[in-house]
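In the working numbering, the protein residues as written are 8 to 403. Report on the structure given below.
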Ligand SMILES: [Zn+2]
């Protein structure tokens, strides 16, 4: 393991402060001297983000000792979601595509869902060696430069970039071996890595998504993981539910449908992505269940995942109560949920589910099918004060 985490000792802090001060001075002194247009501003900012991506890719290759072949390159990033001082970061994606050969069309350039105020980070992975480099950009440095960026030419930006030392450019910079086989045979080492948050708290997102891409998971599962921000067995259960629904409860382009999640878990992010049922479009409802609520359920509903509704041609809504059997999945995959590290059991199941994605019937069953009365809609049951368990006949 080769780990280079940037530590902020006093010397570095002072250096960064002085450096940022220098940069701000350098950049801003020219603002009044140049009249900038919004066209120039857009162009120079696009160039700036591309340059950040390029510099980070070059840094990663240096640490890897080579540049990965495009066919082996997988890149994950918060670019596209992170916003630095009001500046969006999507232009980094073009830089990453251009310099690494990874692309969204190949399913190897992944923008991972993050809050807007998250740091900007890149993860460069070479699936041939199993090594990946995590780079988290120093937001303070970016803020000081973005404030007067448009007063410069692209050449001036390029020159300045080459002068910024690595210690000032990144908050975290490290290389790790993350392929699943290695992680699962070096459990202690990797458990320490999770505890130490070596990738700034993004460890689980990165290792699960990178490993399923490497294992040729279907793009729509990866797409669901991008939204959910990681891949976990719960999300995969949503992928399987969507497959089950399409197979056993056909819906066409003109069908109206609604998912009543009961109770919600990670699956709900996959279902929204795959079926485009969302609360915003009034086609998704969620009811959380306490232990007391769960205890009220009839025995046959103990594994309930929710109720899928379809509006039929006669205007009547038809509902299907679905269950997901995680106990069976854990048994089939030899998972000791309480005896394994939390990430170990999840990573094993992420991989373990892959051969079963097209056979959801193994884990999913329809418990009941019923019709709502004419004029009644599924969303009527998501109103305040409605005992949905009682209304759907799920309790004793
Ligand atoms: Zn999850």
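All C-beta atoms, glycine included, are put in the ideal place defined by N, C-alpha and C.
Ligand 1 has a heavy atom closer than 7 Å to the beta-carbon of residue 235. In this structure the stretch 278-295 lies against the stretch 245-259, because at least three pairs of beta carbons, one per stretch, are closer than 8 Å.
Exposed is the label assigned to residue 392, since fewer than 16 other Cβ atoms lie within 10 Å of its Cβ.
In the structure shown, residue 125 adopts coil according to DSSP, grouped into three states. Within the model, the alpha-carbon separation for residue 45 versus residue 228 is close to 39 Å. By the Cβ neighbour-count rule, residue 276 is buried, with 16 or more other Cβ atoms within 10 Å of its own.
Within its own chain, the residues whose Cβ lies closer than 6 Å to the Cβ of residue 326, once the five positions on either side in sequence are excluded, are 314, 316, 377, listed in chain order.
Residue 380 is positioned such that its CB atom lies no closer than 8 Å to that of residue 328.
Taken atom to atom, the span from the alpha-carbon of residue 220 to that of residue 330 is near 28 Å. Rounded to whole angstroms, the Cβ separation of residue 189 and residue 145 is 29 Å, and the two are not in contact under 8 Å. Here the stretch 151-165 does not lie against the stretch 108-121, with fewer than 3 beta-carbon pairs under 8 Å apart.
Assigned with DSSP and collapsed to three states, residue 214 falls in helix.
Remark: the C-beta of residue 355 is outside contact range of ligand 1, defined as less than 7 Å to any heavy atom. Residue pairing by DSSP places residue 94 opposite 91 in a beta bridge. Boundaries of the beta strand (DSSP E) harbouring residue 116: 116-118, taken from the DSSP string. Membership of residue 326 in the beta strand (DSSP E) is indicated by the continuous run 324-331. A direct Cα-Cα distance of roughly 44 Å separates residue 114 from residue 382. A contact between stretches requires three or more CB pairs, one per stretch, nearer than 8 Å, and the stretch 193-209 fails this requirement with the stretch 251-269. With three or more CB-CB distances shorter than 8 Å, the stretch 257-273 counts as touching the stretch 281-296. In the DSSP secondary-structure assignment, residue 84 is bridged to 118, 129. The closest CA to that of residue 86, considering only 367, 65, 57, 70, is found on 57. Around the beta carbon of residue 366, fewer than 16 other beta carbons lie within 10 angstroms, which makes this residue exposed.
Here the stretch 295-315 does not lie against the stretch 346-353, with fewer than 3 beta-carbon pairs under 8 Å apart. Taking 7 Å as the cut-off, one finds at least one heavy atom of ligand 1 near enough to the beta carbon of residue 242. Setting aside the 5 residues that flank it on each side, residue 108 is surrounded in the same chain by 77, 80, each with a C-beta closer than 6 Å to its C-beta; the list follows chain order. Using a Cβ distance threshold of 8 Å, residue 161 and residue 54 count as a contacting pair. In this structure, residue 238 sits away from residue 355, with a CB-CB distance that is not shorter than 8 Å.
The residue among 111, 165, 206, 91 with its C-alpha nearest the C-alpha of residue 142 is 206. Residues of the same chain with a CB within less than 6 Å of the CB of residue 129, apart from the 5 flanking positions on each side, are 63, 84, 142 in chain order.
For residue 246, the enclosing alpha helix (DSSP H) covers residues 240-255.
Boundaries of the alpha helix (DSSP H) around residue 164: 161-170. Rounded to the nearest whole angstrom, the C-alpha separation of residue 360 and residue 240 is 8 Å.
Residue pairing by DSSP places residue 313 opposite 268, 329 in a beta bridge.
DSSP places residue 189 inside the alpha helix (DSSP H), whose first and last residues are 187-192. Ranked by Cα distance from residue 362, the options 52, 225, 388, 312 are led by 225. A Cβ-Cβ separation of about 10 Å leaves residue 301 out of contact with residue 402 under the 8 Å criterion.
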